[in-house]
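Peer 1: The structure under discussion is supplied below as structure tokens; questions concerning it will follow.
So this is what it looks like as structure tokens:
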């Protein structure tokens with residue numbers, strides 16, 4: 001069997017330094033558009049009156065939905081191109097790896113100031129900033145999951161697609177997307193939970209002397225927490241839980257029940273996931289009429305268009321769409337455009353990198369000495385949180401994934417609990433823990449755990465649900481039980497999912513350091529030693545050199561971990577635990 005190289009976590013190369021420099025340059029260029037005096041001044045007042053909660057909930061839901069649609073489109077395009085184009089893969093995966101290591105709040109000044117400069121006289125820039133920041137909290141685990149699914153499609157299924165001469169669109173529609181559906185659905189659910197986690201930071205934030213805020217549940221909860229109004233905080237939490245339950249029942253449960261048909265197995269499963277909403281949809285005459293008259297014709301038209309677009313060269317469908325100019329002229333023009341754009345981009349990025357370096361040189365010796373102990377303290381908290389998460393998520397996730405009756409009961413509960421943002425519960429946790437020694441340190445680990453353990457759990461559930469029924473039956477016929485069953489079937493089958501969950505959970509934990517190590521509560525700010533505290537405080541007071549330096553340190557730590565630890569484990573996973581039926 002030919003071994004396939006996974007480039008997701010390749011060895012560190014000079015290209016990684018170039019990618020990091022480009023990202024830092026872009027961040028600086030966006031900030032420099034309006035670094036000191038944004039024209040737009042927010043005059044929105046967040047009222048804690050409960051009558052505004054339904055409207056706030058609707059605004060937050062719409063931002064989450066817009067961010068998720070953007071995340072899904074990005075996932076399908078980016079993950080597909082990276083898995084199918086080896087040359088692009090060498091650039092796209094390191095870039096994705098580095099982007100997911102940049103904490104959300106480090107994006108915040110660059111994105112907000114840049115968009116406010118573009119839309120200076122309205123709140124549109126702040127609205128777009130909020131959606132983009134929620135997007136950065138949702139998209140990475142979805143993209144990694146989709147890419148991993150496409151690279152682990154069984155070879156015999158790939159060969160069948162080749163035998164039937166499916167074009168790229170047909171193969172994507174009939175094989176690649178269905179094969180990745182279960183993992184994509186569960187990671188989509190986790191992305192929504194991740195979006196709720198950062199909603200408070202994305203709807204209300206301070207940059208130096210500028211206060212930006214948007215009406216929504218996140219800003220309501222943050223206002224209640226900062227004012228120490230526990231009653232309003234409770235009302236906001238109840239509203240969010242109601243909204244999460246509705247989303248789970250009306251959206252995720254029907255999708256989970258629908259996606260069960262995409263399991264790769266040779267024998268039929270037992271109890272399939274059920275959904276009352278899906279049952280009603282399938283039997284509704286009104287929905288069926290709408291589908292027959294509107295949805296299906298539109299999908300058929302798009303399908304025919306894409307079939308023609310991706311038909312192999314030489315076919316009539318391809319020739320219809322051919323440009324009349326010669327291939328040589330097109331290639332020459334394309335090369336010229338790429339060269340011009342490339343040179344312009346290099347000059348722009350070089351300028352941004354140079355100015356960013358100038359900004360870093362403004363740091364004093366005392367500020368630089370804070371970086372190492374802060375990074376070490378955050379690293380210890382991240383490791384502790386991941387160990388605790390693994391101890392309980394693997395057994396529970398396997399139990400839920402292998403028992404569909406149990407999944408029908410626990411999945412809604414898990415989805416609801418996972419979607420409740422730990423940042424909203426954090427003030428209550430602080431009140432309970434601050435009386436103990438090291439209370440903020442313990443609370444910080446607890447917040448990381450509450451916010452990121454679900455990445456591992458959802459991936460383990462998806463991995464366990466994807467185990468083919470015929471392999472389960474074979475294990476039962478061989479009398480495999482207990483430790484032998486775990487060693488022979490369960491752990492090899494879910495190992496890739498555990499790794500995917502750990503990678504995203506670790507990145508999420510580093511993101512969580514920012515909201516767990518520097519907290520505003522009761523009109524005061526509390527902090528503990530950590531890299532996240534440096535980033536959050538630098539954002540709050542507008543210390544952009546320290547923000548840039550601490551963000552760079554966090555990127556280096558996360559990327560280094562991915563390269564030297566996750567890289568080897570992913571290669572081992574692909575070589576030893578690939579499912580070829």
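Numbering (our numbering), first residue to last: 1 to 581. Using N, Cα and C, we set each Cβ at its ideal position, and we do this for glycine too. Nothing here was measured: the structure is a model prediction, and the numbers come from that model.
Can you round the beta-carbon distance between residue 415 and residue 248 to whole angstroms, since I take them to be within the 8 Å contact cut?
Peer 2: Indexing the chain shown from 1 puts residue 415 at position 415. Indexing the chain shown from 1 puts residue 248 at position 248. Residue 415 to residue 248, Cβ: 5 Å. Contact.
Peer 1: Straight-line CA distance for residue 582 to residue 55?
Peer 2: Because the chain here runs from 1 to 581, residue 582 falls outside it and cannot be looked at.
Peer 1: Which of the three DSSP states is assigned to residue 165 in this structure?
Peer 2: Within the chain shown, residue 165 is the residue found at index 165, counting from 1. Looking at residue 165 - three-state DSSP - the assignment turns out to be coil, as it is neither helix nor strand.
Peer 1: With 16 other CB atoms within 10 Å as the buried threshold, where does residue 301 fall?
Peer 2: The residue given as residue 301 occupies position 301 in the chain shown. Residue 301 comes out exposed.
Peer 1: Hey, would you say the C-beta of residue 541 is under 7 Å away from at least one heavy atom of the ligand SAH?
Peer 2: Summarising the ligand content, the structure contains no ligands, and the ligand SAH is consequently not present.
Peer 1: Where does residue 297 land, buried or exposed, given buried means 16+ other C-beta within 10 angstroms?
Peer 2: In the chain shown, residue 297 corresponds to position 297, counting from 1. Residue 297 comes out exposed.
Peer 1: Taking C-alpha atoms, which residue in 396, 494, 339, 194 lies nearest to residue 100?
Peer 2: Here the question's residue 100 lines up with position 100 in the chain shown. Selected option, being the one with the closest Cα: 194.
Peer 1: So which of 546, 499, 548 has the shortest CA-CA distance to residue 572?
Peer 2: The sequence position of residue 572 within the chain shown is 572, counting from 1. Nearest option by C-alpha distance: 499.
Peer 1: For residue 142 and residue 75, which I take to be in contact (beta-carbon distance under 8 Å), what is that distance rounded to the nearest angstrom?
Peer 2: To locate residue 142, count along the chain shown from 1; it is residue 142. To locate residue 75, count along the chain shown from 1; it is residue 75. Sure, about 4 Å apart at Cβ, within 8 Å.
Peer 1: Is the Cβ-Cβ distance between residue 258 and residue 462 less than 8 Å?
Peer 2: The sequence position of residue 258 within the chain shown is 258, counting from 1. The sequence position of residue 462 within the chain shown is 462, counting from 1. Their beta carbons are not under 8 Å apart, which means residue 258 does not touch residue 462 by this criterion.
Peer 1: Opposite residue 213 in the DSSP bridges: which residues?
Peer 2: Sequence index remark: in the chain shown, residue 213 carries index 213 (1-based). BP columns for residue 213 point to 204.
Peer 1: Rounded to the nearest angstrom, what separates residue 515 and residue 221 at their Cα positions?
Peer 2: Looking up residue 515 in the chain shown gives position 515. Looking up residue 221 in the chain shown gives position 221. Rounded to the nearest angstrom, the two C-alpha atoms are 14 Å apart.
Peer 1: Keeping to the same chain, check which residues put their C-beta closer than 7 Å to that of residue 180; ignore five residues upstream and five downstream.
Peer 2: For the purposes of this step, residue 180 is taken as residue 180 along the chain shown, with counting starting at 1. The answer, listed in chain order, is 146, 149, 150.
Peer 1: Using only CA atoms, which one of 570, 459, 549, 53 lies nearest to residue 242?
Peer 2: Indexing the chain shown from 1 puts residue 242 at position 242. Answer by Cα proximity: 53.
Peer 1: Tell me which residues share the same chain as residue 400 and place their Cβ nearer than 8 Å to its Cβ, disregarding the 5 neighbours each side in the sequence.
Peer 2: Taking the first residue of the chain shown as position 1, residue 400 is located at position 400. Counting only Cβ-Cβ distances below 8 Å, and skipping sequence neighbours, we find 406, 407, 410, 411, 414, 461, 464.
Peer 1: Roughly how many angstroms separate the alpha carbons of residue 118 and residue 165, rounded to a whole number?
Peer 2: For the purposes of this step, residue 118 is taken as residue 118 along the chain shown, with counting starting at 1. For the purposes of this step, residue 165 is taken as residue 165 along the chain shown, with counting starting at 1. Rounded to the nearest angstrom, the two C-alpha atoms are 48 Å apart.
Peer 1: From which residue to which residue does the alpha helix (DSSP H) around residue 279 run?
Peer 2: The residue given as residue 279 occupies position 279 in the chain shown. Per DSSP, residue 279 belongs to the alpha helix (DSSP H) from 276-283.
Peer 1: How long is the line joining the alpha carbons of residue 189 and residue 85, rounded to whole angstroms?
Peer 2: Locating residue 189 in the chain shown gives position 189, counting from the first residue. Locating residue 85 in the chain shown gives position 85, counting from the first residue. Going by the C-alpha atoms only, they are around 28 Å apart.
Peer 1: Alpha carbon to alpha carbon, how far is residue 380 from residue 444?
Peer 2: For the purposes of this step, residue 380 is identified with residue 380 of the chain shown, where counting begins at 1. For the purposes of this step, residue 444 is identified with residue 444 of the chain shown, where counting begins at 1. If I take the Cα positions, the gap works out to 11 Å.
Peer 1: Spatial neighbours of residue 128 within its chain, please: CB distance less than 7 Å, with the 5 preceding and 5 following residues excluded, ordered by chain position.
Peer 2: Residue mapping note: residue 128 aligns to position 128 of the chain shown, counting from 1. Here the set comprises 115.
Peer 1: Quick one: Cα of residue 196 to Cα of residue 236, how far?
Peer 2: Along the chain shown, one-based indexing puts residue 196 at 196. Along the chain shown, one-based indexing puts residue 236 at 236. C-alpha separation (whole angstroms): 13 Å.
Peer 1: Candidates 309, 567, 218: which alpha carbon is nearest residue 238's?
Peer 2: What you label residue 238 is simply residue 238 of the chain shown in a count that begins at 1. Considering only alpha carbons, the answer is 218.
Peer 1: Run the CB neighbour count on residue 496, radius 10 Å, all protein chains shown included, and call it buried at 16 or more, exposed below.
Peer 2: Here residue 496 corresponds to residue number 496 of the chain shown, with the count starting at 1. Residue 496 is buried by the Cβ-count criterion.
Peer 1: Measuring CA to CA, which of 205, 66, 162 is closest to residue 541?
Peer 2: To locate residue 541, count along the chain shown from 1; it is residue 541. Looking at the Cα atoms, 205 is the closest of the given residues.
Peer 1: For a minimum of 4 consecutive residues, which ranges assigned as the alpha helix (DSSP H) are wholly contained in the stretch 463-536?
Peer 2: DSSP runs (the alpha helix (DSSP H)) wholly in the stretch 463-536: 469-477, 482-485, 491-516.
Peer 1: Leaving out five residues on either side along the sequence, give the residues of the same chain with a beta carbon under 7 Å from the beta carbon of residue 130.
Peer 2: Numbered from its first residue, the chain shown carries residue 130 at position 130. Result list for residue 130: 63, 202, 203, 214, in chain order.
Peer 1: Applying the 10 Å Cβ sphere with the 16-neighbour rule, what's the burial state of residue 279?
Peer 2: As a position in the chain shown, residue 279 is number 279, starting the count at 1. Looking at its Cβ environment, which holds fewer than 16 other Cβ atoms inside 10 Å, residue 279 is exposed.
Peer 1: With DSSP run on the structure shown, which of helix, strand or coil describes residue 562?
Peer 2: Position 562 of the chain shown holds residue 562. It is helical.
Peer 1: Hey, residue 191 and residue 386: beta-carbon distance below 8 Å or not?
Peer 2: Here residue 191 refers to the residue found at position 191 of the chain shown. Here residue 386 refers to the residue found at position 386 of the chain shown. No.
Peer 1: Under a Cβ-count criterion, where at least 16 other Cβ atoms within 10 Å of its own Cβ denotes burial, should residue 479 be classed as buried or exposed?
Peer 2: Along the chain shown, read from residue 1 onward, the residue named residue 479 stands at position 479. Exposed is the call here.
Peer 1: From residue 501 to residue 250, what does the alpha carbon distance come to, in whole angstroms?
Peer 2: The residue given as residue 501 occupies position 501 in the chain shown. The residue given as residue 250 occupies position 250 in the chain shown. Cα to Cα, the separation comes out at about 26 Å.
Peer 1: Could you tell me if residue 477 is buried or exposed, where buried requires 16 or more neighbouring beta carbons within 10 angstroms of its beta carbon?
Peer 2: Position 477 of the chain shown, counted from the start, is the residue given in the question as residue 477. Exposed, because fewer than 16 other Cβ atoms sit within 10 Å of the Cβ of residue 477.
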